[in-house]
Every structure is written in C-alpha cells, then in structure tokens.
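Below is one structure, written out as structure tokens; the observations come after it.
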Amino acid sequence: MLVRNREESLIKKAESRIADLTQLQDAGLICKHGDFFPSVHYPPITMYSPITDEELFSGYTVAEDGLFDVYAHIPFCLSRCIFCHYPVQLGEKSAEKDQYLDALEKEMDIYMDRLGIDQIKARSVLVGGGTPTYLTLNQLNRFLDFFVQRLDLSTCQQFNYDVDPVTLIGSEGIERLRLMKSWGVNRLTIGIQSLNEDTLKKMNRHHGVKEALASIENAKELGYQVNIEFIFGYPGQTLENWIQVIEHAVSLGVDEIQLYRLKIEAYGDYQGPIKRVTEIRPDELPTLEETLMMKQVAINILNEHGYYENLRRVFTKERKHYSHYAHNQCCMLYDQVGFGLTAFSSLRDRFGLNTQDFQEYYSNIAQGKLPVNRGIIRNREEQMRWAIILPLKNRSVWKSQFERVTGVSLNQVFRDKIEALKSYGLIVETDQEIELTELGKFFADEVAQQFHHPDHIPFPRDAYAQGLLNPYAHSNP
Ligand SMILES: C[S@@+](CC[C@H](N)C(=O)[O-])C[C@H]1O[C@@H](n2cnc3c(N)ncnc32)[C@H](O)[C@@H]1O
Ligand code: SF4
570 MLVRNREESL IKKAESRIAD LTQLQDAGLI CKHGDFFPSV HYPPITMYSP ITDEELFSGY
630 TVAEDGLFDV YAHIPFCLSR CIFCHYPVQL GEKSAEKDQY LDALEKEMDI YMDRLGIDQI
690 KARSVLVGGG TPTYLTLNQL NRFLDFFVQR LDLSTCQQFN YDVDPVTLIG SEGIERLRLM
750 KSWGVNRLTI GIQSLNEDTL KKMNRHHGVK EALASIENAK ELGYQVNIEF IFGYPGQTLE
810 NWIQVIEHAV SLGVDEIQLY RLKIEAYGDY QGPIKRVTEI RPDELPTLEE TLMMKQVAIN
870 ILNEHGYYEN LRRVFTKERK HYSHYAHNQC CMLYDQVGFG LTAFSSLRDR FGLNTQDFQE
930 YYSNIAQGKL PVNRGIIRNR EEQMRWAIIL PLKNRSVWKS QFERVTGVSL NQVFRDKIEA
990 LKSYGLIVET DQEIELTELG KFFADEVAQQ FHHPDHIPFP RDAYAQGLLN PYAHSNP
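If you want this note's numbering, it's the 1-based position in the sequence shown plus 569.
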C-alpha cells in the first residue's frame, strides 16, 4: 500500500510536464507529431555531403597545445539489441576482429602522418562500439598495446570505455577489467538499459538483471568510475515498472546514471529492428505523455537520492564525475580525432565521418587512405551555430568562449531567438553566459535546435506549429 502511494505521488508530481508539452507544441518548439531528434553534433551527421580526406584536412593545423580527445571504435557484438541503430558484426568472428584491429592500427598511422605528428597527445580517451570489450583477452591486450603506444597519455585526464555487462562478469570478466586497468582505463560506461527482466528480454539483451548487477559490482570493486545507462519509453515499460528500475538504480552506489529516451527512427544509415517491432505491436509503446512523465519521475527520484543533472542527461552525486571526452568536445569545443568504422573527428571548424561500411573501411586503409567519406567544413555562420548549440545543449554557453571560437560577440547575434526562448522560461542569460532553465534542460534537444540553419532542422516546416518558437522563424543570426 505504501509503495502504491509513493508511486501515485511520484506520477502526480510528473504530470505537470504534460501541460508544458502542450504549451511548447503550440509555440512551435516541439514538433506536432512528438518525435525528437538528439542534438549530438551540428549539423546532424545524417546531413553531411561526401568529402575526401584531402578536402577535410586542407588548411587545418594542429592546435598550439597539440592536444586531442581521442576516440576508437570497435564494432563487434554478441547479438543484436532491438533498439540499436549501430552497424555491427555479430557473433564470435575472431578472424574478422583480427583483420579489423590490423586496419585500425594502420588507420592511426595514416592519420598521424596526415597531421604531421608521431604520437597523439591525448586530453582524454574513449573506446566505444559495438562492444569494444567483446574481444578475447589476447585481442584486447593487443589493441590496447598498439593504441596506447601511439598516444602520449602524460596529461590525459580520463580513459573511458563504453561496455555492455556481459564482458565484465565471471573470472574472464574480472581478468578483462584488471587488464584494462593496467593500461590506464579509469572510467566505464556500462549499458545496463533496464533492471526489469521483461524489458531486457524485449530488448533482446544478452544478459539479465543478475549479470547487469554483477558487472556493476565488479567494476566498482576494481576502482573504476562507473556510469550506468538506461533507456526509457521502451515497449512494455510502464510508469510503475520504470519507477522500480530507477529506485533500484539509485541504490547501487554508482557515480553516474544516464538516461536515454528511446529513439525509434534511426539517425544514422542503419535502421535498427525497433521500428518494425513497434509497427507490429504499436500498443506496447508508451505514449509521448507517458514517456515524458517517465523522464520526470526519474529526475525526481534521482534528485531525492542526491543525483543531480551534471552534463546533460547524466546524473551524478559529485560534480567531478562526468565524461571528459563529451565535455571537452561538446562544451569546450576542443579538437577530437576518431578511429574506426563510423568514427568521427571534430577539428575546430570541420567534421569528418568515417564510412559505415566494413568493406569500404578495409579497402581505403589497404590503399593507404583514411576511411573518411562524409563531412563538412563549416562557414562562419554554421560555426556560430555550432558554438552555441553544443555548449547550450550540454552545459552552458560561455560568451567569452563563443567570441574566441567565432570572433563574434554573442550579444550581437541570435537576439530574436534568445529573447523568444527567455520569454518562455527556457533559458536564462547573464553577462557571462546563457544556460538552460530546468524546463529548458528537460527539452534540451528542441531548444538547441532553435539555432539550426533551416536546411538542418530535423523535421519539415509544417511539422511545427506556427508559434514564436517555430524553429524556422527568425532563423537568421
Ligand atoms: C553507443 S551505445 C553502446 C552501448 C553498448 N554497446 C551496450 O550495449 O551496452 C550507448 C548507449 O546509447 C543508448 N542507445 C542506443 N540506442 C538507442 C536508441 N535507439 N534509443 C535510445 N538510446 C539508445 C543505450 O543506452 C546505449 O547504452
Ligand atoms: S546496443 Fe550495444 S551490444 Fe547491443 S547491438 Fe548495439 S552496440 Fe551491440
């Protein structure tokens, strides 16, 4: 009875978000059909044109301090999760993994050659996937050996790995964790996704709750900074079973808890199975209102237990716990290099994206060419948009940084947009910075998209109401 009362009170408290949704849809901020588009890069990576590596690097020089945030991608997984839109190879595929690691090593050398350097001075490191730990211990050791050899880690602040739970459990999992530790890895993001058995089954995850909990325990025991990720708005989830998941999550003593709203339509080239699944069983999908309430309920539970939003979507007890890789790239706008299939590089005014096709990846590298196939060199206006969108979405826009990056004062551009967003209580402005309010943080993607060029707004003009916050209105800087 007590549990029921608590659930009811949490749900009641979250209901105010439905009124916000209606108001902001009428204003044109949120599109009428209610779908969303994650603002991760600007312009969105689906909107780039073909580019050669010569074009990408023409006129680019390494920053004065020589530092980069470094990413490596390893696209192999045990099996396909229903929600996942990443191109990955499934199953053991040991020979292919060796071939891939050969190519990755070579790619790093070609890249360093391009930049005219013989080691990469790393500010932070992230290895992701796929499941970058889904390698034998020998393969993992081999990868870390050639990877770390090519990095200068003397001033590196953080070495992250994005992993799934299965590779961190049992005696082999513990050995893997020890091995990574010995190479300097100090933070793990573990894709827990849910702590409800039925939801995990519906996701086709290759682990249950028991394995998920064991992976967290092992990572904590070995002294890693631990971030765990969850998806909400998933078929079969209800407000009640989601509350139980988050209440369980806050009891685990992890440093960071990260929330993702389920994205059904792909935002890359590969469409994951989730779209088909929701077409077959549409009634299992929570409504938009329920999904937003799930987010608010989770925020309330997290806050009650001392977890507050730090970097966007990530809730921590201590301010010092966050992904340096994400902070450096999205808030500080520092240069970043990426290696591997689908990896990207963000280099001041330019962005290059590697191919998503395994054969093209291998063949480019065999010819001594970088596997970049799409990208953009932003003009001055797009650079201004990028320098506001990423920091605003993820933390806040420091006016001095905006001016340093663009050469323009933020007090002189985007004034109509800024005033409109202020009038709806979505952002606040001081002499030093612009940041999202609580309401703005809740709808951070849509607020960030206010600053998109009309050619890069995720949904067509008529998908939004004709209010003051229609993203196509007042779109000139
Ligand atoms: C790059 S993915 C890799 C995760 C890792 N391979 C795993 O399975 O645990 C990072 C996170 O994005 C989230 N994610 C992936 N696909 C998603 C989708 N379609 N909608 C919402 N979140 C998603 C998941 O929480 C996932 O853990
Ligand atoms: S969610 Fe992670 S484990 Fe699942 S298929 Fe995608 S990358 Fe692989």
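Ideal Cβ placement from N, Cα and C applies to all residues, glycine included.
Is the CB-CB distance between residue 642 and residue 699 below 8 Å? yes
Would you call the segment 935 to 946 and the segment 903 to 922 touching, i.e. three or more CB-CB distances under 8 Å? yes
Determine the direct distance from the alpha carbon of residue 703 to that of residue 580, and round the result to whole angstroms. 39 Å
Exposed or buried, residue 533, counting other C-beta atoms within 10 Å across all chains shown (16 or more means buried)? Only positions 570 to 1046 of the chain appear in this structure, which leaves residue 533 out of reach.
Leaving aside the five residues before and after residue 720 along the sequence, list all residues of the same chain whose C-beta is less than 6 Å from its C-beta, in chain order. 689 and 691
Within the continuous alpha helix (DSSP H) that includes residue 956, where are the two ends? 949 to 963
My guess is that residue 860 and residue 805 are in contact by the Cβ rule of under 8 Å, so how many angstroms apart are they, rounded? Contact doesn't hold; Cβ gap of about 13 Å is too wide.
Taking CB distances under 8 Å as the criterion, tell me whether residue 852 reaches chain D. Among the chains of the structure shown, chain D does not appear; only one protein chain is present.
Residue 1104 and residue 1040 closer than 8 Å at C-beta: Not covered by the structure: residue 1104. The range shown for the chain is 570 to 1046.
Looking at residue 831 and residue 652, is the spacing between their C-beta atoms short of 8 Å? yes
Does the pairing of the segment 788 to 797 with the segment 813 to 825 give three or more beta-carbon distances under 8 Å? yes
Once you ignore the five residues that flank residue 748 on each side, which residues in its own chain have a CB closer than 8 Å to its CB? 706, 709, 710 and 713
Pick helix, strand or coil for residue 807, following the three-state DSSP scheme. coil
Closer than 8 Å is the cut-off here; do at least three beta carbon pairs connect the segment 908 to 919 with the segment 848 to 867? no
Run through DSSP, which three-state label would residue 869 get? helix
Can you tell which of 612, 785 and 696 has the C-alpha that lies nearest to the C-alpha of residue 738? 785
In chain order, what residues have a CB nearer than 6 Å to some heavy atom of ligand 2? 646, 649, 650, 653, 655, 657, 698, 699, 700, 733 and 760
Is the segment 930 to 938 touching the segment 860 to 873 in the sense that three or more CB pairs, one from each, lie closer than 8 Å? no
Distance, Cα to Cα, residue 669 vs residue 660? 14 Å
Within the present structure, is the beta-carbon of residue 669 separated from the nearest heavy atom of ligand 1 by less than 7 Å? no
Is the beta carbon of residue 596 closer than 8 Å to that of residue 891? no
Do residue 965 and residue 972 have their beta-carbon atoms positioned less than 8 Å apart in this structure? no
Any contact between the segment 728 to 736 and the segment 749 to 761? By contact I mean 3 or more CB pairs, one from each, below 8 Å. yes
Determine the contact status of residue 608 and residue 1017, defining contact as a CB-CB distance below 8 Å. yes
Counting only the same chain and skipping the five closest in sequence on each side, list residues whose C-beta sits under 8 Å from that of residue 847. 804, 833, 853 and 854
Cα-Cα separation between residue 599 and residue 1005, rounded to whole angstroms: 16 Å
Can you tell me which of 1001, 583 and 1013 puts its alpha carbon nearest to the alpha carbon of residue 829? 1013
Kindly indicate the opening and closing residues of the alpha helix (DSSP H) around residue 608. Looking at the DSSP string, residue 608 is not in any alpha helix (DSSP H), and its letter there is neither H nor E.
How about residue 886 and residue 894: are their beta carbons less than 8 Å apart? no
Please classify residue 724 as buried or exposed, where buried requires at least 16 neighbouring CB atoms within 10 angstroms. exposed
Going by Cα to Cα distance, which pick from 782, 779, 752 and 673 is closest to residue 728? 752
Taking the C-alpha atoms as reference points, what is the distance between residue 584 and residue 862? 6 Å
Let me check you understand the geometry: is the CB of residue 984 closer than 7 Å to at least one non-hydrogen atom of ligand 1? no
Buried versus exposed, by CB contacts within 10 Å (16 or more), residue 975: buried
Is residue 1048 near ligand 1, going by C-beta to nearest heavy atom under 7 Å? Because residue 1048 is not part of the residues shown, which for the chain are 570 to 1046, the question remains open.
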